[in-house]
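Participant:
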Amino acid sequence: MRVNVMKKGDSILNVTENMVVVKRRSGEVDVIPFCKEGNVWRIDQEHVVTIGYGNNTVEDSVADGDVTIMTF
Numbered sequence: 002m003r004v005n006v007m008k009k010g011d012s013i014l015n016v017t018e019n020m021v022v023v024k025r026r027s028g029e030v031d032v033i034p035f036c037k038e039g040n041v042w043r044i045d046q047e048h049v050v051t052i053g054y055g056n057n058t059v060e061d062s063v064a065d066g067d068v069t070i071m072t073f
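Counting from 1 along the sequence shown, just add 1 to a position and that's the residue number in our numbering.
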C-alpha cells in the first residue's frame with residue numbers, strides 16, 4: 002500500500018493502522034484518517050483534521066462551504 006499525502010517540505014509525525022499525521026511545511030499538522038472499504042483503502046476526507054495556529058478556537062464548515070461555525 003502507498004499513501005500519497007505528502008508535499009515537498011512535509012514530514013510524517015505518526016502512522017497508525019487507520020491514520021497518518023503529517024506536519025506541513027507551514028507548521029500546521031493534518032491528521033488524515035483512512036479506511037478500508039472492501040478491498041480498497043481510501044482517505045476519509047470528511048474526517049481530516051487540521052491543527053493550525055490561532056486563539057484556541059475550533060472551526061467547522063458546513064458541506065456547502067457557506068457557513069463557518071466557531072467554538073471558543
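All C-beta atoms in this analysis are idealised placements derived from N, C-alpha and C, irrespective of residue type, glycine included. Note that the coordinates shown come from a computational prediction; the quantities given were computed from them, not determined experimentally.
(1) Contact defined as beta carbons within less than 8 Å: I believe residue 4 pairs with residue 35. What is the distance between those atoms, to the nearest angstrom?
(2) I'd like to check one pair, residue 59 with residue 33: are the Cβ atoms closer than 8 Å?
(3) Can you have a look at residue 20 and say buried or exposed, based on whether 16 or more other CB atoms are within 10 angstroms of its CB?
(4) Just checking my contact of residue 11 with residue 22 at CB under 8 Å: how many whole Å lie between their CB atoms?
(5) Quick one, are the C-beta atoms of residue 52 and residue 29 less than 8 Å apart?
(6) Distance, Cα to Cα, residue 40 vs residue 46?
Facilitator: Per the coordinate set shown:
(1) 7 Å
(2) no
(3) buried
(4) 11 Å between Cβ atoms; not a contact.
(5) yes
(6) 18 Å
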